[in-house]
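Asker: Take this structure, written in structure tokens, and hold onto it; I'll ask about it next.
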Amino acid sequence: MGDTAEPEPERDTAGGGAVFKALADPTRRKILDELTERDGQTLFEICSRLTMKYQLGSSRQAISQHLEILIEAGLVTSHREGRYKFHHIDTSPLERLTDRWRNRETKEN
Amino acid sequence: MRINLTSVLVHNQDEALRFYTEVLGFVKKTEIPLGEARWLTVVSPEDPNGCELSLEPDGHPAVKPFKEALVNDGIPYTSFAVEDVRAEFERLSGLGVRFTQEPLQMGTVTTAVFDDTCGNLIQIAQAS
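In order, the protein sequences belong to chains A and B. With the UniProt record's numbering as the guide, the letters of the first sequence map in order to residues 1 to 109. With the UniProt record's numbering as the guide, the letters of the second sequence map in order to residues 1 to 128.
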């Protein structure tokens, strides 16, 4: 997390770069939309939703890679339940990002 | 040409027969002893002369990693048609069946995915 080429101020160690990168892609934003609608989905369900609802022709492999980037940014977590693997949305990295600018005044007091 | 037989790979034929008949509601069509395993098929009571489903032993070494990889990604390799996915979801959940995907309407089709307890995920689908 947070491995970016450019040196960043101390506050960016929370992985802001990885979050922006993750959110920059429309497919990844759709994955987050679908996880918001129902949290805890298998890779199969995520792929089905993207194909059927948005006619996205991405391969399972490609969606799997998108999920990896979301996981690296901390926006998605995966949890294993016996033989199954489910994906969950985690919006806490977004809160840190917006706090960075929105709450500056209160922080400085 | 028509499809008269398809298979699910199961790790125990007795358990599979119980699940596919008592839980899902299929009926046994043929049972022929064949060495260690049996030639064992079930059919839908709605179509007893229709396509048979063979409950095929999964002992071949290539099968286990294949099945595990499919289940890990939530992929149902087999799909059955039902009148009402939501009603089947309620009925099967009540019988303790574990769903990995709840009923989901996707365009003209509604689907759900459950664990057949024999190492497979099965999709049920309803055309609207």
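For each residue, glycine too, the CB sits at the ideal point set by N, CA and C.
Whole angstroms is fine: what's the gap from A/Ala24's alpha carbon to B/Asp73's?
Answerer: One-based indexing of the first sequence puts residue 24 of chain A at position 24. One-based indexing of the second sequence puts residue 73 of chain B at position 73. One C-alpha to the other measures close to 25 Å.
Asker: Taking only three categories from DSSP, how would you classify A/Phe20?
Answerer: Along the first sequence, read from residue 1 onward, the residue named residue 20 of chain A stands at position 20. Here A/Phe20 sits in helix by DSSP.
Asker: Which residues of the segment 57-75 of chain B have a Cβ closer than 8 Å to any Cβ of chain A? Give them in chain order.
Answerer: Glu68, Val71, Asn72, Asp73, Gly74, Ile75
Asker: Using 8 Å as the threshold, is the segment 111-121 of chain B in touch with the segment 87-100 of chain B, meaning 3 or more CB pairs across them?
Answerer: Contact between the segment 111-121 of chain B and the segment 87-100 of chain B is present, because at least three Cβ pairs lie under 8 Å.
Asker: Alpha carbon to alpha carbon, what distance is there between A/Gly74 and B/Arg86?
Answerer: Walking along the second sequence from the start, residue 86 of chain B turns up at place 86. Walking along the first sequence from the start, residue 74 of chain A turns up at place 74. Their Cα atoms are separated by approximately 34 Å.
Asker: Measuring CB to CB, does B/Ala16 end up less than 8 Å from B/Val10?
Answerer: Numbered from 1 along the second sequence, position 16 holds the residue referred to as residue 16 of chain B. Numbered from 1 along the second sequence, position 10 holds the residue referred to as residue 10 of chain B. Yes; because the gap between Cβ atoms is below 8 Å, this pair is in contact.
Asker: Does any C-beta atom of chain B lie closer than 8 Å to the C-beta of A/Leu42?
Answerer: The count along the first sequence starts at 1 and reaches residue 42 of chain A at position 42. Residue identity check: residue 42 of chain A is Thr in the sequence provided, not Leu. With 8 Å as the cut-off, A/Thr42 counts as an interface residue toward chain B.
Asker: Can you give the Cα-Cα distance for A/His87 and A/Asp99, rounded to whole angstroms?
Answerer: Counting from one through the first sequence, the residue named residue 87 of chain A turns up at place 87. Counting from one through the first sequence, the residue named residue 99 of chain A turns up at place 99. Roughly 26 Å between the two C-alpha positions.
Asker: Check B/Pro61 in the structure and name its three-state DSSP category.
Answerer: Taking the first residue of the second sequence as 1, we reach residue 61 of chain B at position 61. It is coil, neither helix nor strand.
Asker: Do the CB positions of A/Leu42 and B/Thr100 come within less than 8 Å of each other?
Answerer: In the first sequence, the residue the question calls residue 42 of chain A occupies position 42. In the second sequence, the residue the question calls residue 100 of chain B occupies position 100. Checking the displayed sequence, the identity of residue 42 of chain A turns out to be Thr instead of Leu. Result yes, Cβ atoms of A/Thr42 and B/Thr100 sit closer than 8 Å.
Asker: Just checking: is the beta-carbon of B/Leu9 within a distance shorter than 8 Å of some beta-carbon in chain A?
Answerer: As a position in the second sequence, residue 9 of chain B is number 9, starting the count at 1. No, its Cβ sits nowhere closer than 8 Å to a Cβ of chain A.
Asker: Fully enclosed by the UniProt domain "VOC" (2-127) of chain B, which alpha helix (DSSP H) runs are 4 residues long or longer?
Answerer: 13-18, 63-72, 85-94
Asker: From the DSSP output, which residues share a beta bridge with A/Arg80?
Answerer: Taking the first residue of the first sequence as 1, we reach residue 80 of chain A at position 80. DSSP lists A/Lys85 as partners of A/Arg80.
Asker: Leaving out five residues on either side along the sequence, give the residues of the same chain with a beta carbon under 7 Å from the beta carbon of B/Val63.
Answerer: As a first step, residue 63 of chain B must be located in the second sequence, where it is residue number 63. Here the set comprises Leu9.
Asker: Below 8 Å between beta carbons: does that hold for B/Ser54 and B/Leu121?
Answerer: Here residue 54 of chain B is taken as the residue at index 54 of the second sequence, counted from 1. Here residue 121 of chain B is taken as the residue at index 121 of the second sequence, counted from 1. Taking 8 Å as the Cβ cut-off, B/Ser54 and B/Leu121 do not qualify as a contacting pair.
Asker: Note down the Cα distance separating A/Cys47 from A/Lys85, rounded to an integer number of angstroms.
Answerer: As a first step, residue 47 of chain A must be located in the first sequence, where it is residue number 47. As a first step, residue 85 of chain A must be located in the first sequence, where it is residue number 85. Answer to the nearest angstrom: the Cα atoms are 14 Å apart.
Asker: Taking only the alpha-carbon atoms, compute the straight-line gap between B/Glu36 and B/Pro61 and give it to the nearest angstrom.
Answerer: As a first step, residue 36 of chain B must be located in the second sequence, where it is residue number 36. As a first step, residue 61 of chain B must be located in the second sequence, where it is residue number 61. Computed Cα separation, rounded: 16 Å.
Asker: What are the boundary residues of the alpha helix (DSSP H) that includes A/Ser64?
Answerer: If you number the first sequence from 1, residue 64 of chain A lands on position 64. Where A/Ser64 is concerned, the enclosing alpha helix (DSSP H) stretches over 60-72.
Asker: Roughly how many angstroms lie between the CA atoms of B/Gly59 and B/Ser7, to the nearest whole one?
Answerer: As a first step, residue 59 of chain B must be located in the second sequence, where it is residue number 59. As a first step, residue 7 of chain B must be located in the second sequence, where it is residue number 7. Straight-line Cα distance between these residues: approximately 14 Å.
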